[in-house]
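All letters in the sequence shown, in the order written, are residues 1204 to 1690 by the working numbering. Built from N, CA and C at the ideal position, the CB exists for glycine as well.
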Amino acid sequence: MATRATTYIGDDWLVGEGEELSVENPTTEATIEVVRSASTTQVDAAVRAANAAFGGWRKLSTGDRAHVLQQAANQLETHTDEIARIMTIEGGKPLLENRDEIGWCVACLRFYSELARTSEGTVIPPIESTQLALVLKEPIGVVGAIVPWNYPLLLLFWKLAPALAAGNVVIVKPSELTPLSTVRVFELALAHLPTGVAQLVIGAGTVGQSLVEHPDVHCIAFTGSTPTGQWIARTAADTMKRLNLELGGKDAFIVCDDITDEVLDTAARGGVWAAYLNAGQVCTSAERFYVHASVYDDYVDRFVHHANAIRIGDPLADGTDLGPMVSAAQRERTERHVGDARDRGASVLTGGERFGDRGWFYRPTVLVDIGDDALVLDEETFGPVAPIVRVGSLDEAIARANASRYGLGANVYTRRLDYAMQCLRELRAGTVWINDPLTDNDAGPFGGFKMSGQGRELGAEGLEAFRETKHVHLDWEAQPKDWWYPY
Ligand code: NAD
């Protein structure tokens, strides 16, 4: 069968001229489609088309840009079911979660099209009364958006929506594991934008590298692993690109001693969801539980009960809570972490094994009695594993939570105001969720401390990430100044 045109440059759909890419279904392990990556020459053509488009797009008023982006949002919303199905087939997330993801993308597009209309800078006090001083916000230019597979559209729109609304043009590089949903989103919505404003180059890391290394790409917005982010930061220094890096995490989940009875059950359900959502493949998955000794046994019992109630299976079927992991490699990393914890004496209270004989499924797993040096308490697992550790005080929980090189998010369950205040002040993380795990808000910045990244997506900060700042100083009298030569 002829290879489909899946690369979008200028306003042409092209067959990639790079290597073949086999996209696989993680539920069946069957190949869904073989597509071709973009070549370096094609990436270069996209960069030229983007630079040619930039002048026209940035000159539009923010209102006109908002109009175009709102139409794209409408297209996306209309085709939610079709796109969600493709996402589930290539990524393994349950259909319901993918429908939600598209809803969040639509909301994000709408949010930024309107936010960009509210301000293009500020007027500041000048030095003298015959002057005007402005701080103008301008687009940066060509943005390379490099996206992972776990939320292939959401993490794309967190970049694309603010970047385009601010007047930039964008070249998108989706993950090699999940490019097909992004191709469909371009066919249905983004390819309708003016020529060169949004383009698509598919392929593996080497295609992303071409964008990072290209001198005429001015900003890289990246979500992915910390090692890739470090490489990008080093390489982008050569061309002094603006960077926004959303990287790995090892989020803590703290349960305080005041949480008992009904709320303890809620905290267990919340913990189960935070640990196993999308098979634990969320950058803010709860990966380390620190539970006060006074409620520990009860919490663990309830946690295991709710973990065992998760319906694992075909992600396209109604009523499935948990699908497969995205790839064999991801599952192997999870198995390595669980194996290492076992070797160091940890007990597996549930899970700890594969599910079924086809597809990259792994059962929701609960670990206890884990050695402090176990990988599962240190490295990002990115799988459905909840290590639950007993702590003697909130101070200890916070100290352990902060003793990580990552600092993306942190969760806390408490009804005590003093505990909540201590946590929100002392936890070293980009987001602290108290009694409501993993809830994102378009208006609230998202990103990490420490090795979890640089910059923020979402919120006003997420728009600022795609704007240059220009100071304008204007004197309308044009008189000579007495501090000039001669002294
Ligand atoms: P990854 O770093 O392997 O790949 C991410 C993207 O970068 C892919 O599109 C990949 O093709 C591309 N890429 C790989 N090497 C590259 C290079 N040298 N130059 C340019 N691009 C390159 O990550 P992944 O496995 O796809 O995603 C999982 C990781 O993403 C986890 O570590 C997770 O924590 C992180 N993540 C972070 C956030 C966040 O917001 N902080 C959100 C989701 C996922």
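(message) Does the beta-carbon of Pro1351, which I'm using as the reference point, lie nearer than 6 Å to any heavy atom of the ligand NAD?
(response) Mapped onto the sequence shown, residue 1351 falls at position 148. Result yes, Cβ under 6 Å from the ligand NAD.
(request) Return the chain-ordered ranges of every beta strand (DSSP E) run that is complete within the region 1453 to 1484 and spans a minimum of 3 residues. (result) 1454 to 1458
(request) Please state whether DSSP places Leu1383 in a helix, a strand or coil. (result) As a working note, residue 1383 is residue 180 in the sequence shown. Looking at Leu1383 - three-state DSSP - the assignment turns out to be helix.
(message) Considering only their Cβ atoms, is the gap separating Gly1633 from Leu1611 smaller than 7 Å?
(response) Position 408 of the sequence shown, counted from the start, is the residue given in the question as residue 1611. Position 430 of the sequence shown, counted from the start, is the residue given in the question as residue 1633. Yes, the pair counts as a contact, with Cβ atoms nearer than the cut-off.
(request) Using three-state DSSP, classify His1395 as helix, strand or coil. (result) As a first step, residue 1395 must be located in the sequence shown, where it is residue number 192. If DSSP states are grouped into helix, strand and coil, His1395 belongs with the helices.
(request) Please state whether DSSP places Ala1577 in a helix, a strand or coil. (result) Mapped onto the sequence shown, residue 1577 falls at position 374. It is coil, neither helix nor strand.
(message) Looking at the strands, I want to know which residues DSSP matches up with Asp1678.
(response) Here residue 1678 is taken as the residue at index 475 of the sequence shown, counted from 1. Beta-bridge pairing links Asp1678 to Gln1334.
(request) With DSSP as the reference, please indicate the residues paired to Pro1590 in a beta bridge. (result) As a working mapping, residue 1590 is identified with position 387 in the sequence shown. Paired residue(s): Leu1570.
(request) Indicate the three-state DSSP secondary structure (helix, strand or coil) for Ala1520 in the structure shown. (result) Here residue 1520 refers to the residue found at position 317 when the sequence shown is read from its first residue. Coil.
(request) Give the DSSP-derived three-state secondary structure of Ile1343 in the structure shown. (result) Position 140 of the sequence shown holds residue 1343. Note: Ile1343 maps to coil in three-state DSSP.
(request) Let me know the beta strand (DSSP E) ranges lying completely inside the region 1261 to 1331, each 3 residues or longer, listed in chain order. (result) 1324 to 1327
(request) Check whether the Cβ of Val1466 lies closer than 6 Å to any heavy atom of the ligand NAD, and answer yes or no. (result) In the sequence shown, residue 1466 corresponds to position 263, counting from 1. False, no ligand heavy atom lies under 6 Å from that Cβ.
(message) I need the straight-line Cα distance from Asn1353 to Lys1262, nearest angstrom please.
(response) For this step, residue 1353 is matched to residue 150 along the sequence shown. For this step, residue 1262 is matched to residue 59 along the sequence shown. Going by the C-alpha atoms only, they are around 35 Å apart.
(message) Under 8 Å: do the region 1666 to 1673 and the region 1340 to 1350 share three or more Cβ pairs, one atom per stretch?
(response) yes
(request) Please go through the same chain and pick out, in chain order, the residues whose beta-carbon is closer than 6 Å to the beta-carbon of Arg1445, but skip the five residues on each side of it. (result) Taking the first residue of the sequence shown as 1, we reach residue 1445 at position 242. Counting only Cβ-Cβ distances below 6 Å, and skipping sequence neighbours, we find Ile1343, Cys1422.
(request) Please go through the same chain and pick out, in chain order, the residues whose beta-carbon is closer than 6 Å to the beta-carbon of Gln1484, but skip the five residues on each side of it. (result) By 1-based counting over the sequence shown, the position of residue 1484 is 281. Asn1353, Phe1585.
(message) Nearest by alpha-carbon distance to Gln1657: which of Thr1568, Glu1449, Thr1642 is it?
(response) In the sequence shown, residue 1657 corresponds to position 454, counting from 1. If we check each option's Cα against that of Gln1657, Glu1449 comes out closest.
(request) Please say whether Tyr1493 and Ala1589 have beta carbons closer to each other than 7 Å? (result) Position 386 of the sequence shown, counted from the first residue, corresponds to residue 1589. Position 290 of the sequence shown, counted from the first residue, corresponds to residue 1493. Contact flag unset, no.
(message) For the ligand NAD, I want to know if Ala1426 counts as a neighbour, meaning its beta carbon is within less than 6 Å of at least one of the ligand's heavy atoms.
(response) Indexing the sequence shown from 1 puts residue 1426 at position 223. For the record, residue 1426 in the displayed sequence is Thr; it is not Ala. Yes, the beta carbon of Thr1426 sits closer than 6 Å to at least one heavy atom of the ligand NAD.
(message) At a threshold of 6 Å, does Cys1311 count as lining the ligand NAD (C-beta to nearest heavy atom)?
(response) As a working mapping, residue 1311 is identified with position 108 in the sequence shown. Not so, every heavy atom of the ligand NAD lies at least 6 Å from the Cβ.
(message) Please list the terminal residues of the continuous alpha helix (DSSP H) segment that includes Leu1363.
(response) In the sequence shown, the residue the question calls residue 1363 occupies position 160. Start and end: 1357 to 1368.
(request) Tell me whether Ile1601 sits in a helix, a strand or coil according to DSSP, three-state version. (result) Position 398 of the sequence shown, counted from the start, is the residue given in the question as residue 1601. Correct three-state label for Ile1601: helix.
(request) Could you check how far apart the C-beta atoms of Ala1549 and Arg1505 are, in whole angstroms? I think they sit under 8 Å. (result) What you label residue 1549 is simply residue 346 of the sequence shown in a count that begins at 1. What you label residue 1505 is simply residue 302 of the sequence shown in a count that begins at 1. So it is not a contact: roughly 20 Å between Cβ atoms.
(request) Kindly examine the ligand NAD and report whether one of its heavy atoms sits closer than 6 Å to the Cβ of Trp1636. (result) Here residue 1636 refers to the residue found at position 433 of the sequence shown. Every heavy atom of the ligand NAD is 6 Å or more from the Cβ of Trp1636, so no.
(request) Work out the CA separation of Arg1608 and Ala1478 for me, nearest whole Å. (result) Working through the sequence shown from its first residue, we reach residue 1478 at position 275. Working through the sequence shown from its first residue, we reach residue 1608 at position 405. Distance between the alpha carbons of Ala1478 and Arg1608 is about 19 Å.
(message) Assess contact between the region 1247 to 1255 and the region 1396 to 1405, defined as three or more Cβ pairs (one per stretch) separated by less than 8 Å. Is contact present?
(response) yes
(message) the ligand NAD and Cys1486: does any heavy atom of the ligand fall closer than 6 Å to the residue's C-beta?
(response) Residue 1486 sits at position 283 when you count from the first residue of the sequence shown. Yes, the Cβ of Cys1486 comes within 6 Å of a heavy atom of the ligand NAD.
(message) Here's a check: name, in chain order, each residue in its chain whose Cβ is nearer than 6 Å to the Cβ of Leu1480, leaving out the five neighbours to either side.
(response) Counting from 1 along the sequence shown, the entry for residue 1480 is found at position 277. Nothing meets the Cβ criterion.
(request) Please classify Pro1355: is it buried, with 16 or more other beta-carbons within 10 angstroms of its beta-carbon, or exposed? (result) Position 152 of the sequence shown, counted from the first residue, corresponds to residue 1355. Its Cβ being crowded by 16 or more others within 10 Å, Pro1355 is buried.
(request) Starting from the C-beta of Thr1209, find all residues in its chain whose C-beta is less than 6 Å away, skip the five residues before and the five after it, and write them out in chain order. (result) The count along the sequence shown starts at 1 and reaches residue 1209 at position 6. For Thr1209, where only same-chain residues beyond five positions count, the Cβ hits under 6 Å are Val1238, Val1386, Ile1405.
(message) Quick check: is any heavy atom of the ligand NAD less than 6 Å from the C-beta of Gly1449?
(response) Counted from its first residue, the sequence shown places residue 1449 at position 246. Checking the sequence shown, residue 1449 turns out to be Glu, not Gly. Flag set: Cβ of Glu1449 near the ligand NAD.
(request) Find the nearest neighbour of His1674 within the set Leu1337, Ala1436, Glu1556, judged by alpha-carbon distance. (result) For this step, residue 1674 is matched to residue 471 along the sequence shown. It is Leu1337.
(message) Between the alpha carbons of Ala1348 and Leu1380, how many angstroms are there, rounded?
(response) What you label residue 1348 is simply residue 145 of the sequence shown in a count that begins at 1. What you label residue 1380 is simply residue 177 of the sequence shown in a count that begins at 1. About 16 Å.
(request) Might you give, ordered along the chain, the residues of its own chain that have their beta carbon closer than 8 Å to the beta carbon of Leu1279, omitting 5 neighbours on each side? (result) Along the sequence shown, one-based indexing puts residue 1279 at 76. So the list reads Ile1286, Ile1305, Cys1308, Val1309, Leu1312, Val1388, Leu1391, Ala1392, once near-sequence residues are dropped.
(request) Please work out which residues of its chain come closer than 8 Å, Cβ to Cβ, to Val1410, disregarding the five sequence neighbours upstream and downstream, and give them in chain order. (result) The residue you call residue 1410 lines up with position 207 of the sequence shown. Cβ within range, chain order: Gly1221, Ser1240, Ala1241, Val1246, Lys1376, Val1404.
(request) Could you pull the start and end residues of the beta strand (DSSP E) that Leu1641 belongs to? (result) Looking up residue 1641 in the sequence shown gives position 438. It is not in any beta strand (DSSP E) - Leu1641 carries neither H nor E in the DSSP assignment.
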